[in-house]
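Scroll down for the structure; my scribbles are underneath it.
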Amino acid sequence: MNASGFDWLFFAEISLAGLGSGGLLALTGLAFVIIYKATRVVNLAIGEMLMMAAYVFFALAAGAGLPIWAAIVGAVLASGALGALVERTMIRPMLGESPISTFMVTVGLASILVGVVELVWTADPRRLPEFMPSDPVLLGEAMVAPKVFYGFVVTALLIAAVLLVFRFWRGAVALRATASDQAAAYSMGIDVPRVFSLAWTAAAMIAAVAGIVVGAIGGISSTMGVFGLSVLVVVIVGGLDSVAGALLGGLLVGLVEAWAGAYLGGEYKMLATFSLLVLVLLLRPYGLFGTHEIERL
Numbered sequence: 000m001n002a003s004g005f006d007w008l009f010f011a012e013i014s015l016a017g018l019g020s021g022g023l024l025a026l027t028g029l030a031f032v033i034i035y036k037a038t039r040v041v042n043l044a045i046g047e048m049l050m051m052a053a054y055v056f057f058a059l060a061a062g063a064g065l066p067i068w069a070a071i072v073g074a075v076l077a078s079g080a081l082g083a084l085v086e087r088t089m090i091r092p093m094l095g096e097s098p099i100s101t102f103m104v105t106v107g108l109a110s111i112l113v114g115v116v117e118l119v120w121t122a123d124p125r126r127l128p129e130f131m132p133s134d135p136v137l138l139g140e141a142m143v144a145p146k147v148f149y150g151f152v153v154t155a156l157l158i159a160a161v162l163l164v165f166r167f168w169r170g171a172v173a174l175r176a177t178a179s180d181q182a183a184a185y186s187m188g189i190d191v192p193r194v195f196s197l198a199w200t201a202a203a204m205i206a207a208v209a210g211i212v213v214g215a216i217g218g219i220s221s222t223m224g225v226f227g228l229s230v231l232v233v234v235i236v237g238g239l240d241s242v243a244g245a246l247l248g249g250l251l252v253g254l255v256e257a258w259a260g261a262y263l264g265g266e267y268k269m270l271a272t273f274s275l276l277v278l279v280l281l282l283r284p285y286g287l288f289g290t291h292e293i294e295r296l
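Structure, rendered in structure tokens:
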């Protein structure tokens with residue numbers, strides 16, 4: 000501690016941990032925004048989809064004894080299939096209905112997924128098999144928990160890959176066109192229902208990776224979906240339809256939660272998060288990077 004009485008090393012370590020959790024929030028927020036941009040659906044079940052993927056990974060790695068890499072691939076593919084199934088059976092039939100009706104469908108989906116997990120695996124918390132390096136990581140003088148550091152690296156690489164894919168892949172061009180104007184996309188010959196399915200599949204696969212990393216850091220349980228509340232704050236703070244907003248909002252919320260937990264106590268983390276949400280909405284009702292088009296909700 001220096002002469003001013005403030006421990007800068009402790010602050011740096013807490014901030015790095017906050018960026019680590021913020022990266023996971025940003026990744027899941029990216030999945031949320033992909034669905035919203037393409038289909039205008041506020042998916043409140045994103046946390047439970049993330050949870051389901053973590054449990055599938057647990058079943059494949061610990062239950063079936065598959066190699067870690069095979070279990071990860073299996074969980075990501077299974078999550079993508081779940082996303083496609085949800086879009087086809089629960090979301091597409093709601094096209095043309097009020098946004099609140101579709102929103103409530105995702106609330107119901109969240110409850111269904113929690114019920115499935117508790118039915119199959121019970122409500123007891125579980126640990127995922129260890130698959131990350133366990134040696135502490137030093138950044139300068141600051142020490143970072145290895146799972147947090149490597150989780151952030153995985154998250155950053157995946158976010159970069161997703162941004163590249165959505166920048167140059169033809170399917171992503173169709174997705175962006177649909178997000179801009181569905182009627183115009185139809186007139187250009189774009190298969191809009193297929194784009195909807197693609198968005199849900201891609202988002203579910205991205206959320207699966209986040210779920211596996213979150214589970215590796217803190218274990219898995221049927222209450223993992225609460226993570227989705229912080230993600231909802233992230234995308235509202237950043238702007239529901241903004242990829243950049245999801246990424247920066249995730250890091251900002253991660254830092255605020257870490258600082259509040261360290262200096263005020265763990266019970267103040269959610270209070271700090273939602274205080275940030277209220278402050279941003281008072282100053283910028285559409286989020287930091289959102290567009291006024293969201294007014295239609």
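In case it helps, numbering that gives the first Met the number 0 puts the sequence shown at residues 0 to 296. From the three backbone atoms N, C-alpha and C, an ideal C-beta is built for every residue, glycine too.
(1) With burial defined as no fewer than 16 other Cβ atoms inside 10 Å of the residue's Cβ, what is the status of residue 99: buried or exposed?
(2) So is residue 118 buried or exposed if we call it buried at 16+ other beta carbons inside 10 Å?
(3) If I measure Cβ to Cβ from residue 184 and keep anything under 8 Å in the same chain, skipping five residues before and after, which residues do I get?
(4) Check residue 169 in the structure and name its three-state DSSP category.
(5) Could you check which residue in 252, 203 and 287 has the C-alpha nearest to that of residue 76?
(6) Pick helix, strand or coil for residue 43, following the three-state DSSP scheme.
(7) Among the candidates 233, 282 and 241, whose CA atom is the shortest distance from the CA of residue 255?
(8) Grab the span of the beta strand (DSSP E) containing residue 136 for me, first residue to last.
(9) Would you kindly work out how many angstroms separate the C-alpha atoms of residue 235 and residue 211, rounded to a whole number?
(10) So residue 113 packs on residue 221, CB below 8 Å; how close in whole Å?
(11) Tell me where the beta strand (DSSP E) around residue 142 begins and ends.
(12) Could you give the residue range of the alpha helix (DSSP H) that holds residue 311?
(13) Can you find the residues in the same chain that come closer than 6 Å, C-beta to C-beta, to residue 10, ignoring five residues on each side of it along the sequence?
(14) Per DSSP, residue 219 forms a beta bridge with which residues?
(15) What does the Cβ neighbour count give for residue 187, buried or exposed, with the cut at 16 atoms within 10 Å?
(16) On the DSSP letters alone, give me the boundaries of the alpha helix (DSSP H) that residue 244 sits inside.
(17) Rounded to the nearest angstrom, what separates residue 123 and residue 57 at their Cα positions?
(18) Quick one: what does DSSP say residue 96 is sitting in, helix, strand or coil?
(19) Helix, strand or coil for residue 107 per DSSP?
(20) Within its chain, find whatever has a CB closer than 7 Å to the CB of residue 268; leave out the 5 residues flanking it on each side and keep chain order.
(21) Do you know offhand how far residue 224's Cα is from residue 67's?
(22) Using three-state DSSP, classify residue 296 as helix, strand or coil.
(23) In the structure shown, what three-state DSSP assignment does residue 287 receive?
(24) Looking at C-beta atoms only, is the number of pairs between the stretch 5-25 and the stretch 245-254 that lie closer than 8 Å three or more?
(25) Can you tell which of 242, 136 and 270 has the C-alpha that lies nearest to the C-alpha of residue 288?
(26) Report buried or exposed for residue 296, applying the criterion of at least 16 other Cβ atoms within 10 angstroms of its Cβ.
To lay it out plainly:
(1) Working through the sequence shown from its first residue, we reach residue 99 at position 100. Burial call: exposed.
(2) Numbered from its first residue, the sequence shown carries residue 118 at position 119. Exposed, since its Cβ has fewer than 16 Cβ neighbours within 10 Å.
(3) By 1-based counting over the sequence shown, the position of residue 184 is 185. Counting only Cβ-Cβ distances below 8 Å, and skipping sequence neighbours, we find 173, 176, 177, 191 and 194.
(4) Within the sequence shown, numbered from 1, the residue matching residue 169 stands at position 170. Helix.
(5) Indexing the sequence shown from 1 puts residue 76 at position 77. Taking only the C-alpha atoms, the option nearest residue 76 is 203.
(6) Walking along the sequence shown from the start, residue 43 turns up at place 44. If DSSP states are grouped into helix, strand and coil, residue 43 belongs with coil.
(7) Reading the sequence shown from its first residue, position 256 is the one you call residue 255. Answer by Cα proximity: 233.
(8) If you number the sequence shown from 1, residue 136 lands on position 137. Where residue 136 is concerned, the enclosing beta strand (DSSP E) stretches over 136-138.
(9) For the purposes of this step, residue 235 is taken as residue 236 along the sequence shown, with counting starting at 1. For the purposes of this step, residue 211 is taken as residue 212 along the sequence shown, with counting starting at 1. Between residue 235 and residue 211, the alpha-carbon positions lie close to 24 Å from each other.
(10) For the purposes of this step, residue 113 is taken as residue 114 along the sequence shown, with counting starting at 1. For the purposes of this step, residue 221 is taken as residue 222 along the sequence shown, with counting starting at 1. With a contact defined as Cβ atoms closer than 8 Å, residue 113 and residue 221 qualify at about 5 Å.
(11) Residue numbering aside, residue 142 sits at position 143 when the sequence shown is read from its first letter. It spans 141-143 - the beta strand (DSSP E) in which residue 142 sits, taken as one unbroken run.
(12) The structure shown has nothing for residue 311, since the chain only spans 0 to 296.
(13) One-based indexing of the sequence shown puts residue 10 at position 11. Once the five neighbours on either side are set aside, residue 10 has no close Cβ partner at all.
(14) Here residue 219 refers to the residue found at position 220 of the sequence shown. Answer is 125.
(15) As a position in the sequence shown, residue 187 is number 188, starting the count at 1. When all chains shown are included, residue 187 counts as exposed.
(16) As a first step, residue 244 is located in the sequence shown; it is residue number 245 there, counting from the start. Start and end: 242-262.
(17) Here residue 123 is taken as the residue at index 124 of the sequence shown, counted from 1. Here residue 57 is taken as the residue at index 58 of the sequence shown, counted from 1. So the alpha carbons of these two residues sit roughly 13 Å apart.
(18) Along the sequence shown, one-based indexing puts residue 96 at 97. If DSSP states are grouped into helix, strand and coil, residue 96 belongs with coil.
(19) Walking along the sequence shown from the start, residue 107 turns up at place 108. Helix at residue 107.
(20) The sequence position of residue 268 within the sequence shown is 269, counting from 1. Closer than 7 Å at the Cβ level, and outside the excluded window around residue 268, lie 256, 259 and 260.
(21) Here residue 224 is taken as the residue at index 225 of the sequence shown, counted from 1. Here residue 67 is taken as the residue at index 68 of the sequence shown, counted from 1. The straight-line gap from Cα to Cα measures roughly 23 Å.
(22) If you number the sequence shown from 1, residue 296 lands on position 297. For residue 296, the predicted structure reports a pLDDT of 41, less than 50, and the residue's modelled location is therefore unreliable. A value from the coordinates is still provided. DSSP places residue 296 in coil when its eight states are reduced to three.
(23) If you number the sequence shown from 1, residue 287 lands on position 288. In the structure shown, residue 287 sits in coil (DSSP, three-state: anything other than H, G, I, E or B).
(24) yes
(25) Within the sequence shown, residue 288 is the residue found at index 289, counting from 1. The candidate whose alpha carbon is nearest that of residue 288 is 242.
(26) For the purposes of this step, residue 296 is taken as the residue at position 297 of the sequence shown. Caution applies to residue 296, whose pLDDT of 41 falls short of 50 and renders its modelled position unreliable; the model cannot decide the point.
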